[in-house]
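So the structure is just underneath, and the comments pick up after that.
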Ligand SMILES: [Zn+2]
Ligand SMILES: [Zn+2]
Ligand SMILES: [Zn+2]
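In my numbering, the protein residues as written are 102 to 383.
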C-alpha cells in the first residue's frame, strides 16, 4: 500500500497495488505548475487508486485542451487529477509518502528542459513523449523577454507576472520534505534575492500564501487559478525566494548546491557535481 498527501494534509489518497512507470518531465508546463526544475510522475491503475480525504479541496486548471492539472486549493501542492478516467492516474512523486517501490526510468521533454538545470544521470532522454501517440508536444508560449538585468516570471495560466530587479544572491536545490510536498517534485530550485527584489506586475490579488502551522517560516505562495508556485516575499526575514520554475527568462545561472540532502526523496539520486549539504551550508 502506498499513500500520498499534499503539504497541508487536506488531500490524501492511497494506492492498493504496485505503481507503474516513473519518469521525469522537463516540459515548460510542468516546470510552471510545480515551480520546480522538472516534475516526476508515476502511474497507478485507476482501480487501485482511492481518495482518503480532501477531494473537495482540489482545484483543477486546464493547461492544454483536455489536460487538467490538479492542486490543493489550500496549500498549492500539485495532486493527482481526480477526473483522469483512461485507466491510469498520474501521481506527482514528490507528494508520495515513503518508499514507492519504483524508480525513474527516463527523462521526457528533455529538449525543452530549463537552461539552468543540469541532468546529471544516464537515464534515457526523450525530446518529448517517447511515443508520439501519448500526446501533443505541448509547450507554454514564452511570456517575457529579458530587458537588461530585469528577469521576468509568470504562472502557468499567465494571470500573475513579476519582475526580478535585484541580483539573485544564492540558488539552492532544496531536498527538504516540505519542499518536496510543496512542489510535488524531487526538489525545488529557489533563487534568493532581497525582500524588495521582486515586484508583481499583474495578478497580485490572485496570490495565495499557505503557511505551515508547525513551521517557523515555511510557506508556499501560489496562483489560486493554476496552482503555480510564485515568489514568496518574506519582509521580516529580509529575502524573497523565487521558484526558478516560474521564470520566463534565463537567469544565467543555476543552483549553487543541494541542501537538506539528508531528507531527499528515496526515489531520487543526485548525480551532478554540485556540492551537497545534509542540511544548510555552513
Ligand atoms: Zn493541501
Ligand atoms: Zn510535463
Ligand atoms: Zn496562474
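Think of the CB as a built atom: it goes at the ideal place given N, C-alpha and C, for glycine as much as any other residue.
Which residues does DSSP list as the beta-bridge partners of residue i?
i	result
residue 344	291
residue 172	160, 179
residue 330	323
residue 123	143, 205
residue 262	255, 303
residue 227	DSSP, once it has assigned bridges, lists no residue as partnering residue 227.
residue 132	Bridge partners of residue 132: none, in fact.
residue 377	359
residue 195	According to DSSP, which records beta bridges pairwise, residue 195 is partnered with nothing at all.
residue 297	Looking at the DSSP assignment, residue 297 forms no beta bridge with any residue, so it has no partner.
residue 273	291, 358
residue 308	324
residue 150	116
residue 383	Answer is none; residue 383 lacks a bridge partner.
residue 335	340
residue 189	146
residue 165	168
Under 8 Å by Cβ, that's how I've got residue i and residue j pegged, so tell me the actual separation to the nearest angstrom.
i	j	result
residue 146	residue 112	Between residue 112 and residue 146 the Cβ distance is about 20 Å, and since that is not below 8 Å, they are no contact.
residue 137	residue 344	7 Å
residue 354	residue 152	Residue 354 to residue 152, Cβ: 41 Å. No contact.
residue 260	residue 307	5 Å
residue 257	residue 164	6 Å
residue 150	residue 114	7 Å
residue 283	residue 177	7 Å
residue 175	residue 161	About 14 Å separates the two Cβ atoms, so there is no contact after all.
residue 262	residue 304	7 Å
residue 356	residue 273	6 Å
residue 384	residue 252	Nothing can be reported for residue 384, as the shown portion of the chain is limited to 102 through 383.
residue 221	residue 141	At roughly 14 Å, the Cβ-Cβ gap does not stay under 8 Å, so residue 221 and residue 141 are not in contact.
_Any contact between the region 351–371 and the region 316–335? By contact I mean 3 or more CB pairs, one from each, below 8 Å._
no
*Do the region 206–217 and the region 121–135 make contact, defined as three or more Cβ pairs closer than 8 Å?*
yes
*Take every Cβ of the region 217–237, pair it with every Cβ of the region 299–312, and state whether three or more of those distances are shorter than 8 Å.*
no
*Touching by the beta-carbon criterion (3+ pairs, under 8 Å), the region 188–201 and the region 293–303*: no
*Please confirm if the region 285–292 is in contact with the region 339–357, defined as three or more CB-CB distances below 8 Å between the two stretches.*
yes
_ligand 3 site residues, beta-carbon cut 6 Å against heavy atoms_ = 256, 257, 258, 260, 261, 324, 326, 327, 329
_Shell residues, 5 Å Cβ cut-off relative to heavy atoms of ligand 2_ = 126, 128, 131
_Quick check on the contact list: which residues have their beta carbon closer than 6 Å to a heavy atom of ligand 1?_
107, 108, 109, 111, 112, 173, 175, 176, 178
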